[in-house]
Amino acid sequence: MGGNSRYDRDRPVGDREAAEARAFPAIAELLAHRPELITDRAVAGQVAHVLHDSAIELDADRPLPIGVRRAVRGLAAALRAAMDPRPKP
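When we follow this note's numbering, the leftmost residue of the sequence shown carries the number 2, and every step to the right adds one.
What follows is the structure, encoded as structure tokens:
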């Protein structure tokens with residue numbers, strides 16, 4: 002793909018993305034304590050790596066491609082919802 006797409010241009014990581022990045026490792030750590038969510042430990046480990054590595058990139062002020070960022074945010078949101086101890090409606 003060419004570098005003319007607005008999504009290919011470098012831009013600083015915003016405050017919202019930085020806050021999300023700080024939450025990703027916490028979610029990954031919680032995942033380790035909830036083995037029933039992902040029963041295959043190899044898969045759970047890779048999910049945790051995706052969250053940790055995404056946080057590292059954002060924390061270093063290196064933005065993720067928009068599709069990757071949306072996928073990681075969706076993954077984090079799904080894990081948060083699955084780990085929420087409150088009863089589901």
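In this text, a Cβ means the ideal position worked out from N, Cα and C, and glycines have one as well.
Keep in mind the model is a prediction, meaning the values are calculated, not measured.
| Item | Value |
| --- | --- |
| Could you pull the start and end residues of the alpha helix (DSSP H) that ARG71 belongs to? | 67-84 |
| The alpha helix (DSSP H) that contains ASP54, what's its start and end? | 42-60 |
| Which residue from LYS89, PRO90 and MET84 puts its Cα closest to that of ALA33? | MET84 |
| I need the boundaries of the alpha helix (DSSP H) containing ILE28, first residue and last residue. | 16-33 |
| What residue from LYS89, VAL48 and PRO90 has the CA that sits closest to PRO26's CA? | VAL48 |
| Could you tell me the alpha carbon to alpha carbon distance between VAL14 and PRO64, rounded to whole angstroms? | 6 Å |
| Just to confirm, is the Cβ distance from ALA82 to LEU52 under 9 Å? | no |
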